[in-house]
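Presented below is the structure to which this report refers.
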Amino acid sequence: MRDRISHPGLSELVMSAEQAAAMIKPGMTVAMSGFTGAGYPKAVPQALASQIEEAHTRGEDFQIKVLTGASTAPELDGVLAKARGMELRLPYQSDPTLRKRINDGELEYIDIHLGHVAQYAWFGFYGHIDLAVIEVVGINEDGSLIPSSSVGNNKTWIEQADKIILEVNTQQPAAMDGMHDVYYGTALPPHRKPIPLVNPDDRIGEPYLRLDPEKVVAVVETDAPDRMTPFAAPDETSQQIAGHLLDFFESEIQAGRLTDKLLPLQSGVGNIANAVLAGLAGAGYTGLTAYTEVIQDGMLELIRDGVIRVASATSFSLSPAGIEEFNSNIEFYRKRIILRTQEISNHPELIRRLGCIAMNGMIEADIYGNVNSTHVGGTAMMNGIGGSGDFARNGFLSAFMSPSTAKGGKISGIVPMASHVDHTEHDTMLIITERGLADLRGLSPKQRARTIIDKCAHPDFQPLLQDYFDRASRESVGKHTPHLLDESLAFHQRFVETGTSLPETVRS
Ligand code: 0RQ
617 MRDRISHPGL SELVMSAEQA AAMIKPGMTV AMSGFTGAGY PKAVPQALAS
667 QIEEAHTRGE DFQIKVLTGA STAPELDGVL AKARGMELRL PYQSDPTLRK
717 RINDGELEYI DIHLGHVAQY AWFGFYGHID LAVIEVVGIN EDGSLIPSSS
767 VGNNKTWIEQ ADKIILEVNT QQPAAMDGMH DVYYGTALPP HRKPIPLVNP
817 DDRIGEPYLR LDPEKVVAVV ETDAPDRMTP FAAPDETSQQ IAGHLLDFFE
867 SEIQAGRLTD KLLPLQSGVG NIANAVLAGL AGAGYTGLTA YTEVIQDGML
917 ELIRDGVIRV ASATSFSLSP AGIEEFNSNI EFYRKRIILR TQEISNHPEL
967 IRRLGCIAMN GMIEADIYGN VNSTHVGGTA MMNGIGGSGD FARNGFLSAF
1017 MSPSTAKGGK ISGIVPMASH VDHTEHDTML IITERGLADL RGLSPKQRAR
1067 TIIDKCAHPD FQPLLQDYFD RASRESVGKH TPHLLDESLA FHQRFVETGT
1117 SLPETVRS
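Numbered as in my numbering, the sequence shown ends at 1124 without a single skipped number.
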């Protein structure tokens, strides 16, 4: 272990997670590492959760504000949520216990474009950051840090926090040394300069995180792996959705709007994104690029097989099998993978310059193409907007994908009016379900509605949507984007009242 801590002064600060956690006090704003279940601190949050539970047993208040890169894992969000230890959380989560607390109204959750978080911290929008808890692979002799399996917002947290606790994790492959690219050229307006990245594989920064060793108050040694659930093999619905997108790519190549190298791919999280990657594997492409957030097992396979020649991301989320594959072929992957800060991986300037192809999941789309990525029934938080908005608004293409129904067919993925809007009609170009792909480019609202209802709606809901649109087209006050306001959320209200969005006449 000690060969992972080469800085003499910092090796003196090694202590237990309990001792380190005891420095975190009620009311503090604590910024932690972690992005989509990778590179989050494994020991200090658990020790902190125990201390919070003890304080609550004594009748004392103890809650903190927690900022991260994106979602973490049960050892961070799970334990702190269980202990009721968070009064505020941002910018993204996917933990079931935390989700329940958020939706029970027990804490404040702020859902933010992941590419905005670092700059908002620099603008001072989140107030003062008292302490940062950051997982690293190692500490170099000069005090610089070898980042872990995610870079996320760590640069910003390290620079902004008064005090720093480092977790040095020996489970993270030492061979990741050299794969990161930390850009130090960001500035605050009005002093910003163009970011000098023009290809997904450009290196514009440094492999290490700079550190002021004076700010470090504790170093904790850990050896627990990232908690990665292996991906399930894509189901038939996901394969059909992926198939529509791959057919679309072919037709775009035929039309001369894309080449057979496509454009840098951004792939979201979940089953469908995984199916798209699996579909690409068998589609005959070579030498593609990815400019995305997360390198998962599927992406690693595409790199191994030469389908993707280089992938840029901010997080390295691999299953145990993926880590083994990575470790066994480290020299190969080192040349083909770059991990950056999330303000660069998700930067609008770069996504627009590169012309990324954004491919993300959704909860529902309405007939005009407004997309809800976050709120079930308009009120309950699922995960968060994540990076989907960073890529959708600025990409060359933006696709949103979902099965045409949820909850065993009781809910339609296509609705008259989205119950919450994360991506407006102006940011969504392709809506895809297993039924088909709606290409909305160049269409007016009414043309979009006809296309979405025709191509994407499930047959159980298609006549209802068509009837709504027909009546709205006749009766709506404004005829540009026709709606029947008192009926526009009827699908959602019916689900709340009866457990299905289908009206009784259709059910019986
Ligand atoms: O619930 O798990 O209880 O069964 O939502 O749905 O179909 O498994 O799809 O895993 O791709 O997730 C939008 C949530 C889709 C995801 C979302 C319920 C459904 C199930 C999951 P259960 P599926 P996915 C890059 C980009 C925002 C962040 C993002 C997401 C659960 O894609 O979080 O894009 N996106 N980041 O039953 C009620 C509906 C529903 C519904 C689905 N209409 N009504 N429930 N569900 N549709 C990565 C990062 O940013 C980090």
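All residues carry an ideal CB built from backbone N, CA and C; glycine is no exception.
Contiguous beta strand (DSSP E) elements confined to the region 661-702 occur at 680-683, taking only those with 3 or more residues. Exclusion of the five residues before and after residue 1067 leaves 1054, 1055, 1056, 1059 as the residues of its chain whose Cβ lies within less than 8 Å of its Cβ. The alpha-carbon of residue 799 is positioned some 13 Å away from that of residue 929.
C-alpha of residue 807 to C-alpha of residue 801: approximately 11 Å in a straight line. Not one heavy atom of the ligand 0RQ lies closer than 7 Å to the C-beta of residue 656.
Proximity of the region 1071-1079 to the region 1016-1024 meets the contact definition, three or more beta-carbon pairs being nearer than 8 Å.
Close CB contacts of residue 1092 within its chain, under the 7 Å cut and outside five residues either way in sequence, are with 1098, 1099, 1100 (chain order). When DSSP states are grouped into helix, strand and coil, residue 1112 belongs to the helix group. Rounded to whole angstroms, the gap between the alpha carbons of residue 960 and residue 966 is 8 Å. Residue environment: residue 856 is assigned as buried (16 or more neighbouring CB atoms within 10 Å of its CB, all protein chains considered). Secondary structure at residue 965: helix, using DSSP grouped into helix, strand and coil. Within the model, the alpha-carbon separation for residue 797 versus residue 821 is close to 5 Å.
When the Cα atoms are used, residue 1014 and residue 941 turn out to be separated by approximately 31 Å.
C-alpha of residue 870 to C-alpha of residue 861: approximately 14 Å in a straight line. Straight across, the Cα-Cα distance linking residue 1111 with residue 992 is about 11 Å. The beta carbon of residue 743 sits closer than 8 Å to those of 645, all from its chain and outside the five residues before and after it, given in chain order.
Taking 4 residues as the minimum length, the alpha helix (DSSP H) runs contained wholly in the region 969-1050 are 1004-1010, in order along the chain. Put simply, the backbone Cα of residue 669 is about 14 Å away from that of residue 660. Closest in alpha carbon position to residue 773, among 702, 764, 762, 647, is 647. Ranked by how close their Cα comes to the Cα of residue 971, the residues 706, 666, 882 have 882 in first place. The Cβ-Cβ distance between residue 685 and residue 768 falls below 8 Å. Under the DSSP definition of a beta bridge, residue 1122 lacks any partner.
Beta-bridge pairing by DSSP links residue 928 to 907, 954.
Take residue 964, set aside five residues on each side of it, and the residues of its chain with a beta-carbon closer than 6 Å to its own are 1010, in chain order.
In the structure shown, the three-state DSSP call for residue 834 is strand.
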